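Engineer: Quick one: the structure is below, and I'll ask about it shortly.
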Amino acid sequence: MTSGQLSILSEHEFGNITARYVTNDKGCVGLWLYPTSAAGLLAERRATVADESWVRNKANAKPAIVVEPLVHVKIVGDDQPGQFGPGRTLLWSPSNDKFSIASQHRDKNAVITTFTDSTGLSIEHRLSAGPRDLTLRSDTSFLNESDRPVRLELLTSFALSGITPFSANDAPNRLEAHRFRAVWSAEGRLVSDSIEHLHLERVYAGGMKLSERFGQVGSMPVRGWFPTALVEDTEAGVVWGARVACPTSWQLEFARRYDDLTLAGGYADREFAHWTKTVQRGEKFNATPAWLTCVSGTVDDACDRLVSVDVPAVESQPAIERDLPIVYNDWCTSWGAPREDKIFGTADRLGPLGVRYLVIDAGWYMPETPGAHWATTMGDWQANKNRFPRGLAATAAGIRARGLIPGLWMEPEHDAKDSAAFHEIDHLLRRDGQTLTLELRRAWDLHDPWVRDFIDERVIRPLADAGFRYLKIDYSETLGIGVDHFDGLGEGLRRHGEGTHALFDRIRSALPEMVTELVSAGGGRMEPSLLQRTSMASSSDGHETVEIPIISAALHRLVLPRQSLIWAVLNSDDSLQRLGYTLAATFLGRMCLSGDLVGLGDAQLAFVKSATELYRRCVPVIRDGMSRIMGEIGPSWRHPTGWQGVVRSTPQQVLVVFHSFKDSPTTFTLPLPSVDWKVVGALTSLPVILRGSMIEGSVGSDFSAQVILLEEM
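Below, the structure is given as structure tokens:
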């Protein structure tokens, strides 16, 4: 296929994804993806817009389709991109025009494409197969073999173009962009916009640089948006998706010049996050990894594939995690003031419930002084002797004696204003030459050897000596635009992210059997590079709110449910209906109990025990299943109306989790993957009926729930 100056350079199959590389006579190369099974639907693309009614001079009609670069780069000192790009996007900068393809080859698992310029600079792009060929990993490297340092202000991790190859023209009214918003205690809201609504229609002349650039600035990478984006061709039934792995500032762009849409992203650039990077002579710089997919199916299908890349890393976590043990955390019991005697009183209740982990949360270090608060006293990591008179090692031993695995909360990257560590200013991060203070907190310079020794002495070694086997790693404030570095604040922040990776890796190396929980005021750090370094993540701080099931279901598109820890705060004044509503949400991920377990009555405890027993039976489908999310929920999560149903399935099991909200229907009907099922367990007494490939149930009343486990006949 040739369209003007565009021709196919090569095609490569990865499972059911075909990667098509297109090129032109200037050595520019672009990357298209399409489902191999949909090859027959590919359209013959128009070369120009001569078919448009408004074109008068048909012979000189503007191009319809061009080669969009596989990698976008901007070098400081080069001309700025024109055609209204600056301030909106750094894509298509004149720096790209310096580079042309030097070689392309495929090894066993990857296609490697190399671009060079005339001065000794080169860019290598590597596209490799993801787990089970469901995704592709995109890696970009910049190598400086010139005679001078080079300063970057943009280097993309990936740039997918050719969207959509199933339309002969500019695909009016058929492309939708999908993103996921996140704020504290409301993570994962799907936001879908038509390309027209985003004002990304091709302008009539073409060439104008249009972009919807979005992302996150700071050290809490899931704050505002998740680093995941998708584009759907609603007529072809094809979805393209991308997921960036980055613990600090990142960006994604839906961008356009001509007929085709481009989806690109990686580290946030100079315009978006004050980032520049000097690459010295002989040095190589690697962009952050990104994961790509393309599927004939739905947004849920594409998201299933994108989160599947985390499975191999999660499988390498401590073996005990394979069975998704139930967690108890004391936060919503002590609210930042844990005591050994209270911990033991709760522990005596947990054994019969089948709980495995007992986690002591924040405040175990807080001194007994007037005005002391858990959030202002952290950083020295020395236990309060009044609350833990025999020391944490004795407390951990007492927890183990009750058949539980002891865990501890820490925030090792920060210290707070009422700690001695707060004043170790020679070892703390700076901005503009001043110690960076984040209201209550300051942050360690994780590249400082003194800091590494401090964390070894105050965090890693005490955990090992006391026998803790579970560590909840919190991170409750963002560094914002960045920290001091000769290349600027953005590069200082990016390097700090490398320090975060090194810290997590050092904890894993020193404590290989430690189960780790990723926390950042709830879900503020649930991005691939950190999820792949931890056992699970506290998905939200919505501890006792009615929207917990909505958040928990939404996160199925963004986090493996086996990694998504969900709070069930139980109180003595809870009705059985309220307990059912609360506990049912935990079947959407990892069950985490908290609250007043000691004060629960016999009937309440019996209900909780039945829930934990059912949960353990559901572990295989929670761990290995695929989810479909259905429902009719109003616009408010805080004040939800309607209903929600999640059907998660494997070939052997189906798990149905249903929640009703205000003004809900009296019955629900949900489709099942097939007809060969039988009901083997239910959380509540609400009746359910199987009718072929459908399951029907009664709601009971507003804010009720049902969990049903089905197994093959």
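For this note's numbering, count along the sequence shown from 1 and bump the result up by 696. All C-beta atoms in this analysis are idealised placements derived from N, C-alpha and C, irrespective of residue type, glycine included. Source: prediction; values computed, not measured.
1. Taking only three categories from DSSP, how would you classify residue 741?
2. Once DSSP output is grouped into helix, strand and coil, what is the label at residue 950?
3. Where does residue 1211 sit, in a helix, a strand or coil, going by DSSP?
4. Give me the Cα-Cα distance between residue 1165 and residue 1103, rounded to the nearest whole angstrom.
5. Could you compute how far the alpha carbon of residue 1410 sits from the alpha carbon of residue 1380?
6. Using a Cβ distance threshold of 8 angstroms, determine whether the stretch 1230 to 1240 contacts the stretch 1254 to 1271, with at least three qualifying pairs required.
7. Are the CB atoms of residue 1366 and residue 1391 within a distance shorter than 9 angstroms?
8. Which whole-angstrom value is the C-beta distance of residue 951 and residue 988, which I expect to be below 8 angstroms?
9. State the DSSP-derived secondary structure class of residue 1393, mapped to helix, strand or coil.
10. With a threshold of 7 angstroms on Cβ separation, who are the neighbours of residue 926 within its own chain once the five nearest residues in sequence on each side are excluded?
11. Check for me: the alpha helix (DSSP H) holding residue 1308 runs from which residue to which?
12. Which of the three DSSP states is assigned to residue 1399 in this structure?
13. Under 8 angstroms, with one C-beta from each stretch per pair, do the stretch 872 to 891 and the stretch 825 to 840 reach the 3-pair mark?
14. Work out the CA separation of residue 887 and residue 1116 for me, nearest whole Å.
15. In the DSSP assignment, find the beta strand (DSSP E) that holds residue 1384 and state where it starts and stops.
16. Whose C-beta lies closer than 8 angstroms to the C-beta of residue 943 among residues of the same chain, with five residues either side of it excluded?
17. How far does the alpha helix (DSSP H) with residue 1039 in it extend, from its first residue to its last?
18. Quick check on residue 895: does DSSP put it in helix, strand or coil?
19. If you reduce the DSSP assignment to three classes, tell me which class residue 1069 lands in.
20. Determine the DSSP secondary structure at residue 995, reduced to helix, strand or coil.
21. Between the alpha carbons of residue 1005 and residue 1131, how many angstroms are there, rounded?
22. If I follow the unbroken beta strand (DSSP E) through residue 1028, where does it start and stop?
23. Mind pulling the beta strand (DSSP E) runs of 3 or more residues that sit fully within the stretch 776 to 845?
24. What are the partner residues of residue 1103, as DSSP defines its beta bridges?
25. Does the stretch 1307 to 1326 come close enough to the stretch 1043 to 1056 to have 3 or more Cβ pairs within less than 8 angstroms?
26. How close, in whole Å, do the beta carbons of residue 1141 and residue 1216 come, if the pair is a contact with beta carbons under 8 angstroms?
27. When we look at the beta-carbon of residue 973 and count the other beta-carbons within 10 Å, is it buried (16 or more) or exposed?
28. Distance check for residue 1384 and residue 1054, CA to CA, integer angstroms please.
29. Name the one or two DSSP bridge partners that residue 1124 has.
30. Whose C-alpha, out of 734, 702, 723, 722, is nearest the C-alpha of residue 714?
31. Would you check if the distance between the CB atom of residue 1208 and the CB atom of residue 1355 is smaller than 9 angstroms?
32. Where does residue 840 land, buried or exposed, given buried means 16+ other C-beta within 10 angstroms?
33. Taking the DSSP output, what are the residues bridged to residue 938?
34. Would you mind working out which of 810, 815, 805 sits nearest residue 827, comparing C-alpha positions?
35. For residue 1177, name the three-state secondary structure that DSSP assigns.
36. What distance in whole Å lies between the Cβ atoms of residue 702 and residue 797, which are believed to be in contact at a cut-off of 8 angstroms?
Structural biologist: Let me lay it out:
1. Taking the sequence shown and counting its residues from 1, one reaches residue 741 at position 45. Note: residue 741 maps to coil in three-state DSSP.
2. Within the sequence shown, numbered from 1, the residue matching residue 950 stands at position 254. Reduced to three states, the DSSP call for residue 950 is strand.
3. Taking the sequence shown and counting its residues from 1, one reaches residue 1211 at position 515. Strand.
4. Position 469 of the sequence shown, counted from the start, is the residue given in the question as residue 1165. Position 407 of the sequence shown, counted from the start, is the residue given in the question as residue 1103. When rounded, the distance between both Cα atoms is 6 angstroms.
5. Residue 1410 is absent from the structure shown; the chain starts at 697 and stops at 1409.
6. yes
7. Locating residue 1391 in the sequence shown gives position 695, counting from the first residue. Locating residue 1366 in the sequence shown gives position 670, counting from the first residue. Yes.
8. Here residue 951 refers to the residue found at position 255 when the sequence shown is read from its first residue. Here residue 988 refers to the residue found at position 292 when the sequence shown is read from its first residue. Not a contact, Cβ separation roughly 16 angstroms.
9. For the purposes of this step, residue 1393 is identified with residue 697 of the sequence shown, where counting begins at 1. The answer is strand: DSSP assigns residue 1393 an E or B state.
10. The residue labelled residue 926 in the question sits at position 230 within the sequence shown. 874, 935, 936, 937, 995, 998, listed in sequence order.
11. In the sequence shown, residue 1308 corresponds to position 612, counting from 1. 1298 to 1320 is the extent of the alpha helix (DSSP H) around residue 1308.
12. As a working note, residue 1399 is residue 703 in the sequence shown. Reduced to three states, the DSSP call for residue 1399 is coil.
13. no
14. Indexing the sequence shown from 1 puts residue 1116 at position 420. Indexing the sequence shown from 1 puts residue 887 at position 191. Cα to Cα, residue 1116 sits roughly 44 angstroms from residue 887.
15. As a position in the sequence shown, residue 1384 is number 688, starting the count at 1. Residues 1384 to 1387.
16. In the sequence shown, counting from the first residue as 1, residue 943 sits at position 247. Contacts found: 915, 917, 1193, 1196, 1197, 1221, 1223, 1225, 1226.
17. Residue 1039 sits at position 343 when you count from the first residue of the sequence shown. From DSSP, the alpha helix (DSSP H) with residue 1039 extends over 1036 to 1046.
18. In the sequence shown, the residue the question calls residue 895 occupies position 199. Looking at residue 895 - three-state DSSP - the assignment turns out to be coil, as it is neither helix nor strand.
19. One-based indexing of the sequence shown puts residue 1069 at position 373. Residue 1069: coil per DSSP, three-state reduction.
20. On the sequence shown, position 299 is the one that residue 995 refers to. Helix, per DSSP.
21. Working through the sequence shown from its first residue, we reach residue 1005 at position 309. Working through the sequence shown from its first residue, we reach residue 1131 at position 435. So the alpha carbons of these two residues sit roughly 38 angstroms apart.
22. Taking the first residue of the sequence shown as position 1, residue 1028 is located at position 332. Run containing residue 1028: none in the beta strand (DSSP E); it sits in the alpha helix (DSSP H), 1027 to 1030.
23. 796 to 802, 806 to 812, 817 to 825, 832 to 840
24. For the purposes of this step, residue 1103 is identified with residue 407 of the sequence shown, where counting begins at 1. Paired residue(s): 1055, 1166.
25. yes
26. Position 445 of the sequence shown, counted from the start, is the residue given in the question as residue 1141. Position 520 of the sequence shown, counted from the start, is the residue given in the question as residue 1216. The pair is not a contact, with the Cβ atoms about 19 angstroms apart (cut-off 8 angstroms).
27. Against the sequence shown, residue 973 aligns to sequence position 277. Its Cβ being crowded by 16 or more others within 10 Å, residue 973 is buried.
28. One-based indexing of the sequence shown puts residue 1054 at position 358. One-based indexing of the sequence shown puts residue 1384 at position 688. Rounded to the nearest angstrom, the two C-alpha atoms are 35 angstroms apart.
29. For the purposes of this step, residue 1124 is taken as the residue at position 428 of the sequence shown. Residue 1124 is bridged to 1140.
30. Position 18 of the sequence shown, counted from the first residue, corresponds to residue 714. Nearest C-alpha to residue 714: 734.
31. If you number the sequence shown from 1, residue 1208 lands on position 512. If you number the sequence shown from 1, residue 1355 lands on position 659. It is not a contact, given that the beta carbons lie outside the stated cut-off.
32. Taking the sequence shown and counting its residues from 1, one reaches residue 840 at position 144. By the 10 Å Cβ count, residue 840 comes out buried.
33. Start at 1 with the first residue of the sequence shown, and residue 938 comes out as number 242. Looking at the DSSP assignment, residue 938 forms a beta bridge with 925, 988.
34. By one-based count along the sequence shown, residue 827 stands at place 131. Cα-wise, what sits closest to residue 827 is 805.
35. Here residue 1177 is taken as the residue at index 481 of the sequence shown, counted from 1. Residue state, collapsed to three classes: coil.
36. Residue 797 sits at position 101 when you count from the first residue of the sequence shown. Residue 702 sits at position 6 when you count from the first residue of the sequence shown. Contact flag wrong, Cβ pair sits at about 14 angstroms.
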